[in-house]
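Below you'll find the structure, written out as structure tokens, and then a few comments.
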Amino acid sequence: MLISLKNVSKTYMMDKIEIPALKNVNLDINTGDFVCLMGPSGSGKSTMLHVIGCIENQTSGDMIITGENTKTMNDTALSKFRNRHIGFIFQSFNLISVLNVRENVEYPLVIRGGKINRSHVESVIESVGLADYMKHRPDELSGGQRQRVAIARALVTNPDIIIADEPTANLDSKTGGKIIDLLMQLNSDSNTTFIFSTHNESLSKFAKRTIHILDGEIVSA
Ligand SMILES: Nc1ncnc2c1ncn2[C@@H]1O[C@H](COP(=O)(O)OP(=O)(O)OP(=O)(O)O)[C@@H](O)[C@H]1O
Ligand SMILES: [Mg+2]
Numbered sequence: 000m001l002i003s004l005k006n007v008s009k010t011y012m013m014d015k016i017e018i019p020a021l022k023n024v025n026l027d028i029n030t031g032d033f034v035c036l037m038g039p040s041g042s043g044k045s046t047m048l049h050v051i052g053c054i055e056n057q058t059s060g061d062m063i064i065t066g067e068n069t070k071t072m073n074d075t076a077l078s079k080f081r082n083r084h085i086g087f088i089f090q091s092f093n094l095i096s097v098l099n100v101r102e103n104v105e106y107p108l109v110i111r112g113g114k115i116n117r118s119h120v121e122s123v124i125e126s127v128g129l130a131d132y133m134k135h136r137p138d139e140l141s142g143g144q145r146q147r148v149a150i151a152r153a154l155v156t157n158p159d160i161i162i163a164d165e166p167t168a169n170l171d172s173k174t175g176g177k178i179i180d181l182l183m184q185l186n187s188d189s190n191t192t193f194i195f196s197t198h199n200e201s202l203s204k205f206a207k208r209t210i211h212i213l214d215g216e217i218v219s220a
């Protein structure tokens, strides 16, 4: 099993009031899976992806990824683990506006340190269909192209898991469909596991597996 959540709960505190965002989630995800996480606004999709993506810690329960229990890791160890195993794609792309496409895609490798393999970076950019846009800056690209850059940036470290939180929410439906097509193609070309969330019922049909979440609980998996 690649990812295993055992009784994972996440509670936010706001003005001393507890907000339960995830309640005793039990979930297993296999290597190579293509999982869609569906649920209404506020149901806990982002929280779940942030916990699985090691961006936030759970409040209780265990999460085992690639055989390691993330609960035993401090913040430094957790961010190292994240850089090694996980690529994250955000709804709002989160590109660096002063860097061009190639520099944005290289960025996780710069953070990691060590020598950067230019031809690897270029082949990842080619794999998302942006070979002709290496020198463009984000504001010179369409929304769909920006999301492709974000996908390339997530792929460049060869992560085991790619997590995408509503990757199509800021795109028109045709462009969004093409982005999901690209994720599916990358999933079938590699052993990388993909988990994406969406509000959009019509996108979930592409997934190998759909998980429904409601009020912080998994209602079907
Ligand atoms: N940083 C935070 N502090 C306090 N409460 C939070 C925080 N982040 C999320 N929540 C609460 O946790 C619950 C789940 O939120 P979450 O963002 O995971 O939902 P979501 O399914 O991603 O919603 P959306 O579809 O609108 O993005 C909500 O009640 C939300 O208000
Ligand atoms: Mg969300």
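Numbering that gives the first Met the number 0 puts the last residue of the sequence shown at 220; the count rises by one with no breaks.
No residue lacks a Cβ here, since even glycine has one placed at the ideal position from N, Cα and C.
Cβ distance (whole Å) where residue i is taken to contact residue j below 8 Å
{"i": "residue 120", "j": "residue 136", "result": "Incorrect: roughly 16 Å between the Cβ atoms, too far for contact."}
{"i": "residue 26", "j": "residue 162", "result": "Not quite, the Cβ-Cβ distance comes to about 14 Å (not below 8 Å), so this is no contact."}
{"i": "residue 82", "j": "residue 110", "result": "7 Å"}
{"i": "residue 266", "j": "residue 194", "result": "Since the displayed the chain opens at 0 and closes at 220, residue 266 lies outside it and no answer follows."}
Start and end residues, alpha helix (DSSP H) containing residue i
{"i": "residue 25", "result": "Not the alpha helix (DSSP H): residue 25 falls in the beta strand (DSSP E), residues 16-28."}
{"i": "residue 180", "result": "172-188"}
Residue i: first and last residue of the uninterrupted beta strand (DSSP E) it sits in
{"i": "residue 165", "result": "Taken as a continuous stretch (DSSP letters only), residue 165 belongs to no beta strand (DSSP E), as it is neither H nor E."}
{"i": "residue 210", "result": "208-213"}
{"i": "residue 87", "result": "85-88"}
Euclidean distance between Cα positions of residue i and residue j
{"i": "residue 212", "j": "residue 22", "result": "11 Å"}
{"i": "residue 148", "j": "residue 92", "result": "8 Å"}
{"i": "residue 169", "j": "residue 84", "result": "26 Å"}
{"i": "residue 86", "j": "residue 15", "result": "33 Å"}
{"i": "residue 173", "j": "residue 89", "result": "19 Å"}
{"i": "residue 103", "j": "residue 178", "result": "18 Å"}
{"i": "residue 217", "j": "residue 189", "result": "28 Å"}
{"i": "residue 205", "j": "residue 122", "result": "26 Å"}
So if I measure from each beta-carbon to every heavy atom of ligand 2 and keep distances below 7 Å, which residues remain? Having a Cβ closer than 7 Å to some heavy atom of ligand 2 are 44, 45, 164, 165, 196.
Taking 8 Å as the cut-off, does the region 184-192 touch the region 148-162 (at least 3 CB pairs, one atom from each stretch)? Cβ pair count under 8 Å is three or more, so yes.
For the structure I just gave you, are there three or more beta carbon pairs, one from the region 34-53 and one from the region 1-19, closer than 8 Å? The region 34-53 vs the region 1-19: in contact.
Give a yes or no on contact between the region 196-209 and the region 20-39, applying the rule of three or more CB pairs nearer than 8 Å. Contact holds: three or more Cβ-Cβ distances are below 8 Å.
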